[in-house]
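**Q** First, the structure itself, so that you have it in front of you.
Given below as structure tokens:
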């Protein structure tokens, strides 16, 4: 997916490219699906909003202001039209890799669709591309989901350092959270509930039938 510009180029000032999300999923058999859903940047705007609401600072290397200076205050990011940095943050840490993935997403979504990509797009506009692979078209040498399970079990059996229970694969934690919240409900922060209730009043809608606070 490709959206409006919120991310700086390595060494650049201001916002140039969208926080272009890449996602991939593959089914398992006895384990939950592999689900990689990521923005190839140091953060997403929603994460900065959460830190802002909590009165917390950003880690160094996440964002810059409009002049390219490093910032850690999310309020400064929103007040000055700051920019998020690509994954890697610095040249020494491989920022070109994150930037390359952002461009790849723009090519697959924005350029192929004909709109030119996030660098030429108005705020709020998005493009997407979807691709599905027929598993039985590939000579996997066995059942694909059996191979997925074997891969997961190899990960789980990997020795870990002190304090790490086991290696997890992308989507594993989300699958566990999905099961827990399907059974027990989704926790919401107080300010989110207050904002939704205020919005419902503005729209003359009632949330009473949806939840009990």
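Residue numbers (our numbering): 0 to 212. Positions of the beta carbon are idealized from the N, C-alpha and C atoms, including for glycine.
#1: Expressed to the nearest angstrom, what Euclidean distance is found between the alpha-carbon atoms of residue 76 and residue 69?
#2: Ordered along the chain, which non-local residues of its own chain (more than five positions away) have a Cβ less than 7 Å from that of residue 1?
#3: Run through DSSP, which three-state label would residue 11 get?
#4: How would you label residue 151, buried or exposed, when you count the other beta carbons within 10 angstroms and need 16 or more for buried?
#5: Span of the alpha helix (DSSP H) holding residue 49?
#6: Can you tell me the Cβ-Cβ gap for residue 13 and residue 82, rounded? I've got them flagged as a contact below 8 Å.
#7: In whole angstroms, give me the CA-to-CA distance for residue 102 and residue 148.
#8: Are residue 40 and residue 59 touching if we call contact CB-CB under 8 Å?
#9: Any chance the segment 27-35 sits against the segment 167-187, with 3 or more Cβ pairs inside 8 Å?
#10: Go through the segment 159-197 residue by residue and report every complete run of the alpha helix (DSSP H) that reaches 4 residues or more, in order.
#11: Decide yes or no for the touch test of the segment 83-96 against the segment 47-62: beta carbon pairs closer than 8 Å, at least 3 of them.
#12: Residue 5 and residue 44: beta carbons closer than 8 Å?
#13: For residue 27, I'd like the list of residues in its chain whose CB is within less than 8 Å of its CB, leaving aside the five on either flank, ordered along the chain.
#14: Starting from the Cα of residue 25, find the closest Cα among 166, 132, 201 and give me that residue.
#15: Who are residue 85's beta bridge partners in DSSP?
#16: Count the other CB atoms within 10 Å of the CB of residue 198; is the residue buried (16 or more) or exposed (fewer)?
**A** In short, the structure shows the following:
#1: 10 Å
#2: 17, 19, 104, 105, 108, 109, 116, 117, 125, 126
#3: coil
#4: buried
#5: 44-53
#6: 6 Å
#7: 33 Å
#8: no
#9: yes
#10: 171-183
#11: yes
#12: yes
#13: 33, 144, 147, 148, 151
#14: 132
#15: 40
#16: exposed
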